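Student: The structure under discussion is supplied below as structure tokens; questions concerning it will follow.
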Amino acid sequence: MRAALPDEGRPWSELRAEMRELGSGDVAWREGKAAVYLFDAGDEVEAVQKEAYALFMSENGLGPSAFPSLRRMEADVVDFGLSLLGAPDGAVGNMTTGGTDSITMAMKAARDLARSEKKLAGPLNVVLPRSAHPAFDKAAALMEVEIRRTPLRDLLADADAMAAAADDRTIMIVGSAPCFPYGLIDPIEALSRLAVDRGLWLHVDACVGGYIAPFVRMNGADLPAFDFALPGVASMSADLHKYGYCAKGASTVFFRSEALRRHMEFVVSDWPGGRMATPTLAGTRPGGAIAAAWAVMRSLGVEGYRTKHAQVTGARERLEAGVRARGYEVLGRPQLGLVAFRKDGVDAVKLWKGLRARGWFSSLTTEPASLHLMLSPIHARVIDGYLEDVDRAEAELPRAGAGGTEPRYGG
Ligand SMILES: *Cc1c(COP(=O)(O)O)cnc(C)c1O
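Read in order, the letters of the sequence shown are residues 363 to 773 in our numbering.
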């Protein structure tokens, strides 16, 4: 039965209670039970998000001249991102509503540059490692661009395979920093060389890593180069609403130069409403998400991010040690907040279900079938309990794993 809009309104106090009740069936993320879909950096960060969002909730980023406040805040947030990601003078960027938006717009810019400056017409393609995010497939489907996924080498992008797959109709090659399924940073330096040698547009997808990796490096980790410090990197995506700990609806897309970004903007004049120019996919843009990003970044500062992210990497190290002690293999050498692990004879899907029954919610990596966690500062407090539940869930499994249903992407 289709729900009908009630004839009479109801008081907010009643509705609020009803909404709390609705939410009570959701995963208990405030207890640290969710390791996908959200990021919990604690009550103080949440309070800043909420109050800053509410202050500018009605304002619209579509109209920066009406809201110089939002223009200023967006410009600051973009500047913070550019400096964190080693961008040279002249590099530029925009806030978008999410990683999919950022990736779509980078691909649109690359496509339109290829069309206008390289005079490419007809079928075009994007070359990306098997582990790159499906947002590229979505963008490519929208723009009728062919997706060429290349095999991995040791779970990382293989620059040789990508070189072989790229041709004179390739508008973009992609590396991830890190990829979602394994949490590993692709060899961006090798991809940058390929991009420079062949004149290709390299996009680094740092959606999940862009606002954690720079601070993890400051904390002393030996991360490979992955950002604009490499000359072949033309564009990057980095999500504020992930490890930037900002409110949802906030990401950034960056370009090495205005000459590259120029092709992102979409302009229509041929209608009765006058010239309408939008830099990104959205029309109306939530002022709240822009304001919350500005406020959270300013309130944390470099020190705040370093502290929060140290809790994340500390939790990941303890989780890795704990699962290794139980005979599991960690996939590759993760250095940020994502980790995937598996064990011969343990069916990952069944283990996932056993953990789900105990309230834990994570995702599954499928190649090879593995548990997959995306950690937040809150997880520093719950790793021991999680490991105990891994023991309990594993003890319930039938010996020698086989069968099970297909794991789903993203849990
Ligand atoms: C989350 C993610 C995306 C997509 O971002 P959304 O904000 O969910 O649209 C793209 N790439 C990677 C590596 C991601 O983790």
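Using N, Cα and C, we set each Cβ at its ideal position, and we do this for glycine too.
A quick note: this is a predicted structure, and the numbers were derived from the prediction, not measured.
Would you list the residues sitting across from G537 in a DSSP beta bridge?
Tutor: Its beta-bridge partners are V566.
Student: Work out the CA separation of L400 and G663 for me, nearest whole Å.
Tutor: Roughly 21 Å separates the two Cα atoms.
Student: Per DSSP, V488 is paired with what?
Tutor: V488 is bridged to I509 and M534.
Student: Are the CB atoms of M626 and A403 nearer to each other than 8 Å?
Tutor: No, Cβ-Cβ distance for M626 and A403 is not below 8 Å.
Student: DSSP three-state label for G455, please.
Tutor: Strand, per DSSP.
Student: Comparing C-alpha positions only, which one of E756, G684, G606 and V566 sits nearest to G707?
Tutor: The candidate whose alpha carbon is nearest that of G707 is E756.
Student: Identify which residue in M736, M363, A742 and G747 has its Cα closest to the Cα of V570.
Tutor: The shortest Cα separation from V570 among M736, M363, A742 and G747 belongs to M736.
Student: Check A596 in the structure and name its three-state DSSP category.
Tutor: Residue state, collapsed to three classes: strand.
Student: For V595, which option in Y605, E436 and A539 has the closest C-alpha, if you only look at C-alpha atoms?
Tutor: Closest option to V595, Cα to Cα, is A539.
Student: Consult DSSP for D474 and reduce its assignment to one of helix, strand or coil.
Tutor: Here D474 sits in helix by DSSP.
Student: Got a sec: does ligand 1 put a non-hydrogen atom nearer than 7 Å to the Cβ of D567?
Tutor: Result yes, Cβ under 7 Å from ligand 1.
Student: Mind checking whether F524 and I535 have CB atoms under 8 Å apart?
Tutor: Rather than Phe, the amino acid found at residue 524 in this sequence is Met. Yes; because the gap between Cβ atoms is below 8 Å, this pair is in contact.
Student: Would you say the beta carbon of I745 is closer than 7 Å to some non-hydrogen atom of ligand 1?
Tutor: No, ligand 1 has no heavy atom inside 7 Å of this Cβ.
Student: Verify the contact flag: I465, CB atom, against every heavy atom of ligand 1, threshold strictly below 7 Å.
Tutor: Yes, ligand 1 has a heavy atom inside 7 Å of this Cβ.
Student: Any idea which residues DSSP pairs H671 with across the strands?
Tutor: According to DSSP, H671 bridges with nothing at all.
Student: Looking only at DSSP bridge pairs, what is A519 linked to?
Tutor: L514.
Student: Is it true that the CB of R688 sits closer than 8 Å to the CB of V744?
Tutor: Not a contact, by the Cβ cut-off of 8 Å.
Student: Of the choices L717, P373, N456 and R531, whose alpha-carbon is the least far from that of E479?
Tutor: Cα-wise, what sits closest to E479 is R531.
Student: For A390 versus S724, is the C-beta spacing smaller than 8 Å?
Tutor: No, the pair does not count as a contact, with Cβ atoms beyond the cut-off.
Student: With burial defined as no fewer than 16 other Cβ atoms inside 10 Å of the residue's Cβ, what is the status of G443: buried or exposed?
Tutor: Burial call: buried.
Student: Can you check whether the CB of A501 is closer than 8 Å to the CB of M469?
Tutor: Yes, the pair counts as a contact, with Cβ atoms nearer than the cut-off.
Student: Let me check you understand the geometry: is the CB of K604 closer than 7 Å to at least one non-hydrogen atom of ligand 1?
Tutor: Yes, ligand 1 has a heavy atom inside 7 Å of this Cβ.
Student: Identify, in the order they occur along the chain, each residue of the same chain with its Cβ nearer than 7 Å to the Cβ of M467, setting aside the five sequence neighbours on each side.
Tutor: Correct list, in chain order: T458, V615, M626, T642 and L643.
Student: If you drop the 5 nearest sequence neighbours on each side, which residues of the same chain put their C-beta closer than 7 Å to that of A731?
Tutor: Taken in chain order, the residues that qualify are R704, A710, V711 and P769.
Student: Judging by CA-CA distance, which residue of Y573, W633, M598 and L585 is the nearest neighbour of K604?
Tutor: When only C-alpha atoms are compared, the closest one is Y573.
Student: How about G777 and R678: do their beta carbons lie closer than 8 Å?
Tutor: This structure cannot speak to residue 777, because the chain is shown only from 363 to 773.
Student: Nearest CA to the CA of I740: which residue from R555, G676 and A527?
Tutor: Ranking the options by Cα distance to I740, first place goes to G676.
Student: So, using beta-carbon positions, are L518 and D548 closer together than 8 Å?
Tutor: In contact: L518 and D548 (Cβ atoms closer than 8 Å).
Student: Report the rounded CA-to-CA distance for G636 versus R364, giving the unit in angstroms.
Tutor: Distance between the alpha carbons of G636 and R364 is about 39 Å.
Student: Considering only DSSP beta bridges, list what H734 is partnered with.
Tutor: Note: H734 sits in a beta bridge opposite A702 and S725.
Student: With a threshold of 7 Å on Cβ separation, who are the neighbours of M435 within its own chain once the five nearest residues in sequence on each side are excluded?
Tutor: Cβ within range, chain order: I652, A653 and W656.
Student: Would you report the Cα separation of L447 and L482, rounded to the nearest angstrom?
Tutor: Rounded to whole angstroms, L447 to L482 spans 30 Å at the Cα level.
Student: Taking 6 Å as the limit between beta carbons, can you name the residues of its chain near C541, skipping five residues before and five after?
Tutor: Excluding residues within five positions, the ones whose Cβ falls inside 6 Å are S493.
Student: Out of curiosity, what's the CA-to-CA distance linking G763 and Y690?
Tutor: The pLDDT assigned to G763 is 44, lower than 50, so where the model puts this residue is not dependable; a value taken from the coordinates is nonetheless given after this. Computed Cα separation, rounded: 14 Å.
Student: Quick check on DSSP: helix, strand or coil for A396?
Tutor: In this structure, A396 counts as strand in the three-state DSSP scheme.
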